[in-house]
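In numbering that gives the first Met the number 0, the protein residues as written are 0 to 848. Positions of the beta carbon are idealized from the N, C-alpha and C atoms, including for glycine. Small disclaimer: the values here were computed from a predicted structure and weren't measured. Only one structure is covered here, and it is reproduced in the block below.
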Amino acid sequence: MTMQPQQITVFFPCHSLEDFPTWLEGPQADDLLAAWTAAWHPALIAAAGCIPTWASIDSPPHVVARSIYIVPAAFDSRLAGDFAGTFEVCMIRWAVSRSAIVAESLSKLDAPAVVCAEHAAELHAIGLAWLLGELLARRMRSVTNLASTRFGQAVVDAAKAAVLADEETFRERLKEAYGFLEAARAQYYPADFWLLDLVLLAESTLGDELQSEIDSPVVATWVADAHLIESLSEKQPQILSQLREAVESGRIAPAGGSWDASPVANMAPETLLNDLKKGQALWTKLVGQAPRVYARRTGGFSALLPQVLSGLGYSGVLYMLFDGMSLPDPHTGRIRWEGTGSVSIDALARTPLDARSTTTILSLAEKIGDAMDHDHTAAIAFAHFPENASPWFQELRIIGRSSTLLGSFVTVDEFFRRTTGSGTRAHWEPDAFRTETPSESGDAIEPDVLSKAIENHVAEALRIRLAQQACTFLIPTPCEQQAAVPTVLATSVKEAVPFTKRSWFKKVFSSTHKETSVVLDNGLVKLKVHPRTGGILSLQGPLDRANLLSQQLSRRSTRATPPTGSAWVDPSDRAEYSLMKADSIIQTRNTELGQTAESRGHLQKSDGSAVGSFVQTMSLERGSKFVILDIQLELESAPQGRLFEEYAACRFAWSENEDVSLRRSLHTQSIATQRTQFFSSHFIDLHHCGHGITLFPIGLPWHLQSSPHMLDTLLIVRGETKKRFRLAVGVGVERPFESAIDLACSTASSTPQGESSWESDPFFGPANVRVGVMEAIKEGNRTSGVRLGILESLGKAGRVAVQSRVPIVAAWRCDAAGKRGESIELEGNSILMDLTSYEWAFVVVEFTA
Numbered sequence: 000m001t002m003q004p005q006q007i008t009v010f011f012p013c014h015s016l017e018d019f020p021t022w023l024e025g026p027q028a029d030d031l032l033a034a035w036t037a038a039w040h041p042a043l044i045a046a047a048g049c050i051p052t053w054a055s056i057d058s059p060p061h062v063v064a065r066s067i068y069i070v071p072a073a074f075d076s077r078l079a080g081d082f083a084g085t086f087e088v089c090m091i092r093w094a095v096s097r098s099a100i101v102a103e104s105l106s107k108l109d110a111p112a113v114v115c116a117e118h119a120a121e122l123h124a125i126g127l128a129w130l131l132g133e134l135l136a137r138r139m140r141s142v143t144n145l146a147s148t149r150f151g152q153a154v155v156d157a158a159k160a161a162v163l164a165d166e167e168t169f170r171e172r173l174k175e176a177y178g179f180l181e182a183a184r185a186q187y188y189p190a191d192f193w194l195l196d197l198v199l200l201a202e203s204t205l206g207d208e209l210q211s212e213i214d215s216p217v218v219a220t221w222v223a224d225a226h227l228i229e230s231l232s233e234k235q236p237q238i239l240s241q242l243r244e245a246v247e248s249g250r251i252a253p254a255g256g257s258w259d260a261s262p263v264a265n266m267a268p269e270t271l272l273n274d275l276k277k278g279q280a281l282w283t284k285l286v287g288q289a290p291r292v293y294a295r296r297t298g299g300f301s302a303l304l305p306q307v308l309s310g311l312g313y314s315g316v317l318y319m320l321f322d323g324m325s326l327p328d329p330h331t332g333r334i335r336w337e338g339t340g341s342v343s344i345d346a347l348a349r350t351p352l353d354a355r356s357t358t359t360i361l362s363l364a365e366k367i368g369d370a371m372d373h374d375h376t377a378a379i380a381f382a383h384f385p386e387n388a389s390p391w392f393q394e395l396r397i398i399g400r401s402s403t404l405l406g407s408f409v410t411v412d413e414f415f416r417r418t419t420g421s422g423t424r425a426h427w428e429p430d431a432f433r434t435e436t437p438s439e440s441g442d443a444i445e446p447d448v449l450s451k452a453i454e455n456h457v458a459e460a461l462r463i464r465l466a467q468q469a470c471t472f473l474i475p476t477p478c479e480q481q482a483a484v485p486t487v488l489a490t491s492v493k494e495a496v497p498f499t500k501r502s503w504f505k506k507v508f509s510s511t512h513k514e515t516s517v518v519l520d521n522g523l524v525k526l527k528v529h530p531r532t533g534g535i536l537s538l539q540g541p542l543d544r545a546n547l548l549s550q551q552l553s554r555r556s557t558r559a560t561p562p563t564g565s566a567w568v569d570p571s572d573r574a575e576y577s578l579m580k581a582d583s584i585i586q587t588r589n590t591e592l593g594q595t596a597e598s599r600g601h602l603q604k605s606d607g608s609a610v611g612s613f614v615q616t617m618s619l620e621r622g623s624k625f626v627i628l629d630i631q632l633e634l635e636s637a638p639q640g641r642l643f644e645e646y647a648a649c650r651f652a653w654s655e656n657e658d659v660s661l662r663r664s665l666h667t668q669s670i671a672t673q674r675t676q677f678f679s680s681h682f683i684d685l686h687h688c689g690h691g692i693t694l695f696p697i698g699l700p701w702h703l704q705s706s707p708h709m710l711d712t713l714l715i716v717r718g719e720t721k722k723r724f725r726l727a728v729g730v731g732v733e734r735p736f737e738s739a740i741d742l743a744c745s746t747a748s749s750t751p752q753g754e755s756s757w758e759s760d761p762f763f764g765p766a767n768v769r770v771g772v773m774e775a776i777k778e779g780n781r782t783s784g785v786r787l788g789i790l791e792s793l794g795k796a797g798r799v800a801v802q803s804r805v806p807i808v809a810a811w812r813c814d815a816a817g818k819r820g821e822s823i824e825l826e827g828n829s830i831l832m833d834l835t836s837y838e839w840a841f842v843v844v845e846f847t848a
């Protein structure tokens, strides 16, 4: 049976648009949108002479003869009433795609017209726009009153023009229809709001699928690390050429900045800055423009970023990640992110919507309404990989090309330019940002993840130290110096103290264990080896009476999760630690230069079965405040579980009666932490009342505070093959950030020649300041100055004096890119300046001729 339809009706699973099911997911959401938008096909509307209507599937209206009724397949079983064909009714049922619905509907027409695909897509999109516009009006507690306008007639005229292939009339009537929708929205929300299309690049998405993103009907932002753009230039040079043109025309904005996805928290400040500069240079070379907005798909964020990014000329930040890692929530969309150093940068912080999901489109009115209600600047971002968005998002793009009904699509550059000054201040402490962990599920941990972390840590320390030593030739020889340089008060790795025979290796009788204990004592540090475990029984400074720290090696396993339905038991309560048993403890060195003790033994379970063996060497050099631990571990079986549940560790313990504050290193700065699982590759400070113990993991990144007075430094995890490790423990260390770099350099076979301590550096500051040489400034063959990075590292704001062993005549601040700022006061060979908490200031120092 064919007909000339008088009406097209789609059944909705609701009684009114106020209870429209925006929460539907998967096939149900797809079927609902497919049914509704199919009814807006130009041939159907032209034949009916009116736009589609809707009715409740639970309370269907009286049947109208010569009508087409479309039932979403997912809700067909809810259809009430008998719709037999006695009234010349055409029922479209069980069709599970829009194309199937359209094909069956057109087959019922007397003379179905042929319409080009582009015109059909435009009408399908305006049908979706009508639905979302109505839902948005109700979300904003209003109505559209479109029935009193010529909206319906404009759509019918556009449909008839599409049937006649009249392009000009079609575009005019389509524009008129969108105008009615926009006018209706202006009645309840006349202000602008913004939509951002974020296209995420990955190594696996650099193929032909990028072409569709180049041809997108709306402007977009491509989020990529620089090395992906380099790969793109090799794999798809023609796409890169089109990308360059699109960026130049403003159709695509680049967002990124980093060279790769390496975790930000793993980097020293110098490494982070070099990574960003390298990324900027690559973008500029290949695309013609470096990103003005910083973004990253994975790798975490850090409170240090705002001051570094601002100094490099970034105008904003996409404060979001796309790997599932959470960030501190500002509870608003548009913020002014204040990081360390009291530097702020604009940021978009609202979590992006998944463009792959049909629910994202179905619930879009709710999301827009929430943003309008709660944000001073309403903005919504959609994220997806190339050609990975849902077809409904593509229709949203078509709507965005023709109308601002649902918001204006803008690039991130345009968004920050048009919303300047509208952000809400947001500030978090450095410890608030999580650090990315290697596959916490334990299913795919990268092989040798700890070994690689140690290698990167040592290489980074060498780069920092070599940069310092590159300027040591500028220091005048002692006979050339007119006045002595003031003594540095901070502790170095090898601080000189008087040698006395009384301080050397000895054995003492332990009344507690009734056994002989090995003691190392150099006058600054006293270490007693546990006679039964071979670990550290006690560690003390020269004036300490009580024990400050103990240490053992252990293999941790975790009992299985309780069965479903049982009470939850935290992994820490299911943990089982092996025991450390020494087979021998011997003296291996006892000279005026230092002392060494070696313990050998095995690790065993509580039932006595062996789980591994160990060799631990404890070294104490003359005049040093550092105990060096060289550890060799052999396990019977490798860990197989989650990162923080199955591992071998070096365990440190302190008195449970002591009030200890824990501080960890982040970007070589010392920050207070409340985390039980944390990253710290340089040092960990344990501050007792009046005492200070510093642990130096020398590149070992992951630590777990397994109880309030115990800390596990992870040595072997799943996939790790390294069996030898070096750590250090310092007593009373005043400059842990400098000592950490020196200790890392001392482990390298390529240790720089000459003195490795920071005390030989040409520039040095007070105990809370680390001075790094960023680059030398040349005039011909002469080094006329240097650019310094002066890092406040303890969170203590105030005025500082940075002293120079090289005569200087001028100094001034600059930004991270080198742009000159205000001049700095000099006092002799000292630079006097004010630093805020955790500030990283860049200073150019000019030498005398």
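- Taken through DSSP and simplified to helix, strand or coil, W427 comes out as coil.
- Cβ contact annotation for A809 (same chain, cutoff 6 Å, sequence separation greater than five): E845, in chain order.
- In the DSSP assignment, P570 falls outside any alpha helix (DSSP H) and carries neither an H nor an E.
- Shown here for V155: same chain residues with a beta carbon closer than 8 Å to its own, the five before and five after excluded, namely I44, A45, G48, C49, I50 in chain order.
- Here A609 carries a strand assignment [DSSP, helix/strand/coil].
- When the five nearest sequence neighbours on each side are left out, the beta carbons in the same chain lying within less than 7 Å of the beta carbon of P41 are those of V114, H118, A119, L122, A158, A161, V162, in order along the chain.
- Comparing C-alpha distances from H383 to each of Y187, S211, R717, V772 shows the shortest one belongs to S211.
- If you keep only unbroken beta strand (DSSP E) runs of at least 3 residues inside the region 330-360, you get 333-337, 343-347.
- A straight-line Cα-Cα distance of about 7 Å links L742 and I697.
- Apart from the 5 residues on each side of it in sequence, R812 sits with its Cβ closer than 7 Å to the Cβ of G820, E821, I823, A840, F841, V842 in its chain, given in chain order.
- Residues of the same chain with a CB within less than 7 Å of the CB of Y187, apart from the 5 flanking positions on each side, are A136, M139, S141 in chain order.
- Under the three-pair Cβ rule at 8 Å, the region 401-417 does not count as touching the region 637-649.
- Under the DSSP definition of a beta bridge, Y68 partners with T8, M90.
- Note that the C-beta distance between H666 and A267 is below 8 Å.
- I360 places its beta carbon less than 8 Å from that of S389.
- Looking at the DSSP output, Y576 sits in a beta bridge with R555.
- Judged by beta-carbon spacing, T672 lies within the 8 Å limit of L661, meaning their Cβ atoms are closer than that value.
- Per DSSP, reduced to three states, the secondary structure at G533 is coil, with no helix or strand assignment.
- As the crow flies, the alpha-carbon of D57 is around 38 Å from that of T563.
- In the three-state reduction of the DSSP assignment, W391 falls in the helix class.
- Look at M2 here: in three-state DSSP terms it is strand.
- For P253, the enclosing beta strand (DSSP E) stretches over residues 251-255.
- In the three-state reduction of the DSSP assignment, F179 falls in the helix class.
- A Cβ-Cβ separation of about 3 Å places S598 in contact with G533 under the 8 Å criterion.
- In the three-state reduction of the DSSP assignment, H702 falls in the strand class.
- In chain order, F762, V770, G771, V772, M773, V801, F841, V842, V843, V844 place their CB closer than 8 Å to the CB of L787, counting only its own chain and leaving out the 5 sequence neighbours on each side.
- Around the beta carbon of A559, fewer than 16 other beta carbons sit within 10 angstroms, so the residue counts as exposed.
- Between A190 and D30, the alpha-carbon positions lie close to 33 Å from each other.
- For R462, the enclosing alpha helix (DSSP H) covers residues 448-468.
- Spatial neighbours of G422 in its own chain (CB-CB distance under 6 Å, excluding positions within 5 residues in sequence) are listed in chain order as R333, I334, R335, D345.
- A straight-line Cα-Cα distance of about 34 Å links V799 and A280.
- Assigned with DSSP and collapsed to three states, C744 falls in helix.
- L285 is positioned such that its CB atom lies no closer than 8 Å to that of I213.
- When C-alpha distances from P541 are compared across A28, G522, Q704, the shortest belongs to G522.
- Per DSSP, Q306 is one residue of the alpha helix (DSSP H) stretching across 304-310.
- For T204, there is no enclosing alpha helix (DSSP H), as DSSP marks it with neither H nor E.
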